[in-house]
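Note that this note's numbering has the sequence shown beginning at 131, numbered continuously upward.
Reviewing the structure listed below.
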Amino acid sequence: MKKITIIDYGTSNLKSIEAAFKYLGYDTIVTNDKKKITNSKTLVLPGVGAFPVVMNYLKKKGLDLAIQEYILRGKPFLGICLGMQLLFDISYEFKKTIGLKILSGEVKDLHKENKNNKLLVPNTGWVPLKDNNLFRQKNIISHGKNMNFFFTHTYYVEPKDKSIISSYFNFGEKFICASVQYKNIFGMQFHPEKSGKKGLDLLEKFCKL
């Protein structure tokens, strides 16, 4: 059975994602050890916390370089919520902060897309996903009727290359990136570990890559 390595960066609530993988029958290791991260078979960067705080921690521990090296080896990587946002060039959460720069794009504030304050921010709840017609890879995320996933976030990713966006969601009149997929990299703004059976099915697909 494949072992799933989950990165511990000090602020994330790891219990739900760890429990989800264990429910699916996978062994897990939760670690901030650079060598274990680089040498892992399947790597997950979970997402609870503030971008500048977590990015500072990753750099201080040398985990930024470990993540970059792991991804360059072509092994499957999953970033969830903040874990996806950290992959990009820059974030404007609290202050301008440079990210891992593995994918090109920016992390922006949903408040600026909330015209006339008609929408709730943070965006929290069950949201249906929409296809991206520019996406050409084999998509591990199923779309269609009743394909809702659980979101809770104030910031969102805007990738420079729109063809890596594997699904969108509607925030008012704006289409916002819900997930990305590029080679061995998978990112989800929503929380599959909190999205019931559909979320578990999605994690299962990722684990079987």
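Glycine included, every Cβ here is placed at the ideal spot set by N, Cα and C.
- Using a C-beta cut-off of 8 Å, the segment 261 to 269 makes no contact with the segment 205 to 217, since fewer than three inter-stretch Cβ pairs fall below that distance.
- Note on geometry: alpha-carbon atoms of L333 and L250 lie some 28 Å from one another.
- Excluding sequence positions up to five before and after T161, its CB lies within less than 8 Å of the CB of T135, I136, I137, D138, I167, all in the same chain and listed in chain order.
- Where Q311 is concerned, the enclosing beta strand (DSSP E) starts and stops at 304 to 312.
- When the alpha-carbon of G326 is set against those of F305, N244, F280, the nearest one is in F280.
- With a threshold of 16 other beta carbon atoms within 10 Å, Y153 falls short and is exposed.
- Secondary structure of D331 (DSSP, three-state): helix.
- Distance from the CA of K133 to the CA of K290, rounded to the nearest whole angstrom, comes to 33 Å.
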